[in-house]
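Enquirer: Handing you a structure now.
Protein chains in written order, with the numbering used here: chain Y, 63 to 375; chain A, 63 to 375.
Have a look at this one:
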């Protein structure tokens, strides 16, 4: 799989941002380690999702490109597919829950995708997407359970690991696309780098799956980290997480909020709750790594109401 | 004066952050130029003020260092003097208005400075500082009207201008320390670079002073950009602004708010209102430069209430 990540990196050159790696004296002193934040909130569309979507869509045969692609997503993956479609001249259709954050829906529509809404309480997004896909012959670009999407997501960790010889790397876990890509990339560069996945405590399906080696699911978990509300790991990501990830830990909602505030007030960067999971794990002590610690800051798409709530709490 | 900025740069090495320069495709497309943001919100204490304070205090003779320093400031300069005092083992006293943003007062006290509060409606900060200074023999480190402070502030523009050959540079203007330092540095690297100072419309004393060549003042102007509420340019900064600055323009409060929002939602960085003046000038069309345009993002210290108000407007 590591060669797929290396290939993805070449494919992304000139399209994805090589995002900055930032550090903080305060953070290093607080947790007694050297922390390197890989800032995918500065990626195009404001999240790492651009990497996987670009890698998967740009690899499609011309015939499939000319018919168009479809996906289902509550947010960042939708924006990513939509922007990649615009850049590559591929028609895009997005199946999106009708309660998705407004900022994410507007941004997705802004890139030119056709949006099909559904009610997540009564409908299955995979079903709706499947019906449209069949009718129009679109190619499905799933949000995480796809080898090319996973390889693309791994390029963020690849850039970081090539820049800094890491002892640890922390990544958030929703469906496991970013986490498994990160693990493959980090271990590919340096096999002794420990990979730790972080999940909200109230959406701990992946942690339970990891510990029991049996796939667990969760239904619409009440976490502020909307990027991790995915029901479960995927058919492809679950075995990859079992194989490449060293440990998984959970963080509380309070720790996530404190992490977003720390990143805002002390580091002056805008990070969405899902993107702050690694920092939440470090600041709360859920993970206590030593040496050089990479953290994937996965995205920065947060709406005004959510940020106001966080800043006031 | 340019040699003083070059000397300050050497003095700051290993102490100040060499702050990142960031760009945005969206911003470049919107204003049809190549914009380079020099991010002093990522500077120590969250603002460019660290540069001037460090340069001025580190240059003092040992005798003055051992007695201590004093300053008056509503915020970022106070934090900067306080942190520099801690780093260099110099006792610091800060005269601060009793209505200063809470986050700034807490941060200043956190570095170990002694804080003396005053009521800005009835008392003059210079007078109070003068009395304490006389009694204890402290050295005054004024917030802007001092050659070593000005030279230190100029190092941000120096780093940017050495990295990118700029056609224009925009900097906010309060007391003129950052603006005159920026102008000296930018012209020193490339004499054809145009320097433009930006001020809030409701606090336009410096613009009027610049245009009439007579010093104008303003009293507690009702601008959200608290870093620019200074009464007037100084005895040293006024002639420097007249000599080195090419033009000055104002921006509305609405434009400042829109700029903070743009920086938050599109660029994912936390910028205080004063720090967003250059972007406000570009986005509102108050300034329409071409080619390579540097913008000094002066700081990122904003409290929750102010950011909530901005995000909701």
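A virtual CB, placed ideally from N, CA and C, is assigned to each residue, including glycine.
Which full runs of the alpha helix (DSSP H) of 4+ residues lie inside the segment 94-133 of chain Y, going along the chain?
Expert: Fully enclosed alpha helix (DSSP H) runs of 4 or longer: 111-120, 124-129.
Enquirer: Would you be able to state if there are at least three C-beta pairs under 8 Å between the segment 93-106 of chain Y and the segment 356-366 of chain Y?
Expert: With a cut-off of 8 Å, the segment 93-106 of chain Y and the segment 356-366 of chain Y count as touching, because enough Cβ pairs lie within range.
Enquirer: Grab me the residues of residue 77 of chain Y's own chain with a C-beta within less than 6 Å of its C-beta, minus the 5 sequence neighbours each way, in chain order.
Expert: For the purposes of this step, residue 77 of chain Y is identified with residue 15 of the first chain, where counting begins at 1. If we look at residue 77 of chain Y and ignore the five residues flanking it on each side, its Cβ neighbours are 116.
Enquirer: Between which two residues does the beta strand (DSSP E) containing residue 362 of chain A stretch?
Expert: As a first step, residue 362 of chain A must be located in the second chain, where it is residue number 300. Counting along the chain, residue 362 of chain A falls outside any beta strand (DSSP E), and DSSP gives it neither H nor E.
Enquirer: Does the separation of the CB atoms of residue 145 of chain Y and residue 107 of chain Y fall below 9 Å?
Expert: Here the question's residue 145 of chain Y lines up with position 83 in the first chain. Here the question's residue 107 of chain Y lines up with position 45 in the first chain. Against a cut-off of 9 Å, the Cβ pair of residue 107 of chain Y and residue 145 of chain Y comes out as a contact.
Enquirer: Could you tell me which whole beta strand (DSSP E) segments of length 3 or greater appear in the segment 218-284 of chain Y?
Expert: For the segment 218-284 of chain Y, whole beta strand (DSSP E) runs of length 3 or above, ordered along the chain, are 230-234, 256-262.
Enquirer: Are the Cβ atoms of residue 204 of chain A and residue 134 of chain A separated by less than 9 Å?
Expert: Locating residue 204 of chain A in the second chain gives position 142, counting from the first residue. Locating residue 134 of chain A in the second chain gives position 72, counting from the first residue. Yes. Within cutoff.
Enquirer: Under 8 Å, with one C-beta from each stretch per pair, do the segment 166-179 of chain Y and the segment 266-273 of chain Y reach the 3-pair mark?
Expert: Too few Cβ pairs lie closer than 8 Å, so no.
Enquirer: Tell me which residues of the segment 325-348 of chain A have at least one Cβ-Cβ distance to chain Y shorter than 9 Å, keeping chain order.
Expert: Listed by position along the chain: 325, 326, 327, 328, 329, 330, 331, 332, 333.
Enquirer: Which bits of chain A does residue 374 of chain Y rub up against, with CB to CB less than 9 Å?
Expert: For the purposes of this step, residue 374 of chain Y is taken as the residue at position 312 of the first chain. Those within 9 Å of residue 374 of chain Y in chain A are 366, 367, 370.
Enquirer: Considering only heavy atoms of the ligand SAH, does any lie closer than 8 Å to the CB of residue 198 of chain A?
Expert: Among the ligands in the structure shown, none appear at all, so the ligand SAH cannot be discussed.
Enquirer: For the putative contact between residue 364 of chain A and residue 332 of chain A, defined by C-beta atoms under 8 Å, what is the C-beta separation to the nearest angstrom?
Expert: Your numbering for residue 364 of chain A matches position 302 in the second chain. Your numbering for residue 332 of chain A matches position 270 in the second chain. With 8 Å as the limit, residue 364 of chain A and residue 332 of chain A qualify as a contact, their Cβ atoms being about 7 Å apart.
Enquirer: Among A:242, A:247, A:223, A:127, which one has its Cα closest to the Cα of residue 199 of chain A?
Expert: Indexing the second chain from 1 puts residue 199 of chain A at position 137. Checking every option, the nearest Cα to that of residue 199 of chain A belongs to A:127.
Enquirer: To which residues does DSSP link residue 313 of chain Y through a beta bridge?
Expert: Taking the first chain and counting its residues from 1, one reaches residue 313 of chain Y at position 251. Y:262, per the DSSP bridge assignment.
Enquirer: Any idea if residue 155 of chain Y is buried or exposed, counting beta-carbon neighbours within 10 angstroms, 16 or more meaning buried?
Expert: On the first chain, residue 155 of chain Y is found 93 positions in, with the first residue counted as 1. Answer is buried; the Cβ neighbour count reaches 16.
Enquirer: Who are the Cβ neighbours of residue 96 of chain Y in its own chain at under 8 Å, not counting the five residues just before and after it?
Expert: As a first step, residue 96 of chain Y must be located in the first chain, where it is residue number 34. Correct list, in chain order: 85, 90, 353, 354, 355.
Enquirer: Pick from A:281, A:109, A:291, A:247: whose alpha carbon is nearest that of residue 260 of chain A?
Expert: Within the second chain, numbered from 1, the residue matching residue 260 of chain A stands at position 198. Residue 260 of chain A has its Cα closest to that of A:291, out of A:281, A:109, A:291, A:247.
Enquirer: So what does DSSP say about residue 77 of chain Y, is it helix, strand or coil?
Expert: Within the first chain, numbered from 1, the residue matching residue 77 of chain Y stands at position 15. Note: residue 77 of chain Y maps to coil in three-state DSSP.
Enquirer: In its own chain, which residues sit with a C-beta less than 6 Å from the C-beta of residue 214 of chain Y, not counting the 5 before and 5 after it?
Expert: Position 152 of the first chain holds residue 214 of chain Y. Contacts found: 70, 113, 114, 117.
Enquirer: In the DSSP output, which residue or residues are listed as bridge partners for residue 202 of chain Y?
Expert: Locating residue 202 of chain Y in the first chain gives position 140, counting from the first residue. DSSP, once it has assigned bridges, lists Y:132 as partnering residue 202 of chain Y.
Enquirer: Rounded to whole angstroms, what's the CA-CA distance from residue 293 of chain Y to residue 132 of chain Y? Just pull it up for me.
Expert: Reading the first chain from its first residue, position 231 is the one you call residue 293 of chain Y. Reading the first chain from its first residue, position 70 is the one you call residue 132 of chain Y. Going by the C-alpha atoms only, they are around 20 Å apart.
Enquirer: Starting from residue 108 of chain A, find everything on chain D with Cβ-Cβ shorter than 7 Å and list it in chain order.
Expert: Absence of chain D from the displayed structure is noted, the protein chains being Y and A.
Enquirer: What does a CB cutoff of less than 8 Å around residue 190 of chain Y pick up in its chain, not counting 5 residues either side in sequence?
Expert: Within the first chain, residue 190 of chain Y is the residue found at index 128, counting from 1. Counting only Cβ-Cβ distances below 8 Å, and skipping sequence neighbours, we find 134, 157, 178, 180.
Enquirer: For residue 159 of chain A, report the span of its beta strand (DSSP E) as first-last.
Expert: If you number the second chain from 1, residue 159 of chain A lands on position 97. First-last of the beta strand (DSSP E) with residue 159 of chain A: 154-159.
Enquirer: So what does DSSP say about residue 286 of chain Y, is it helix, strand or coil?
Expert: Counting from one through the first chain, the residue named residue 286 of chain Y turns up at place 224. Note: residue 286 of chain Y maps to coil in three-state DSSP.
Enquirer: Using CA coordinates, which residue listed in A:232, A:321, A:336, A:240 is at the minimum distance from residue 285 of chain A?
Expert: Position 223 of the second chain, counted from the first residue, corresponds to residue 285 of chain A. If we check each option's Cα against that of residue 285 of chain A, A:336 comes out closest.
Enquirer: Does residue 104 of chain Y come within less than 9 Å of chain A when only Cβ atoms are used?
Expert: As a first step, residue 104 of chain Y is located in the first chain; it is residue number 42 there, counting from the start. Chain A contact via Cβ: present.
Enquirer: Between the C-alpha atoms of residue 171 of chain Y and residue 164 of chain Y, what's the straight-line distance to the nearest angstrom?
Expert: As a position in the first chain, residue 171 of chain Y is number 109, starting the count at 1. As a position in the first chain, residue 164 of chain Y is number 102, starting the count at 1. If I take the Cα positions, the gap works out to 11 Å.
Enquirer: List the endpoints of the continuous alpha helix (DSSP H) containing residue 173 of chain A.
Expert: Along the second chain, one-based indexing puts residue 173 of chain A at 111. Element bounds for residue 173 of chain A: n/a, residue is neither H nor E.
Enquirer: Answer yes or no: does any C-beta atom of chain Y fall closer than 9 Å to that of residue 113 of chain A?
Expert: Locating residue 113 of chain A in the second chain gives position 51, counting from the first residue. No, no contact with chain Y.
Enquirer: Using a Cβ cut-off of 9 Å (strictly closer), state whether residue 76 of chain A contacts chain Y.
Expert: Numbered from 1 along the second chain, position 14 holds the residue referred to as residue 76 of chain A. No - not a single Cβ of chain Y is within 9 Å of the one on residue 76 of chain A.
Enquirer: Answer yes if the segment 215-229 of chain Y comes into contact with the segment 241-254 of chain Y, meaning at least three C-beta pairs across the two stretches below 8 Å, and no otherwise.
Expert: Yes, the segment 241-254 of chain Y touches the segment 215-229 of chain Y.
Enquirer: Anyone know if the C-beta pair for residue 228 of chain A and residue 255 of chain A falls short of 9 Å?
Expert: Position 166 of the second chain holds residue 228 of chain A. Position 193 of the second chain holds residue 255 of chain A. Yes, the pair counts as a contact, with Cβ atoms nearer than the cut-off.
Enquirer: By the criterion of Cβ-Cβ separation under 8 Å, what are the contact partners of residue 362 of chain A in chain Y?
Expert: One-based indexing of the second chain puts residue 362 of chain A at position 300. What residue 362 of chain A touches in chain Y: 330.
Enquirer: Compile a chain-ordered list of the residues in the segment 231-248 of chain Y whose CB is closer than 8 Å to at least one CB of chain A.
Expert: Under the 8 Å Cβ criterion, the segment 231-248 of chain Y contributes no residue.
Enquirer: Would you please verify whether the beta carbon of residue 82 of chain Y is less than 9 Å from any beta carbon of chain A?
Expert: For this step, residue 82 of chain Y is matched to residue 20 along the first chain. So, interface residue.
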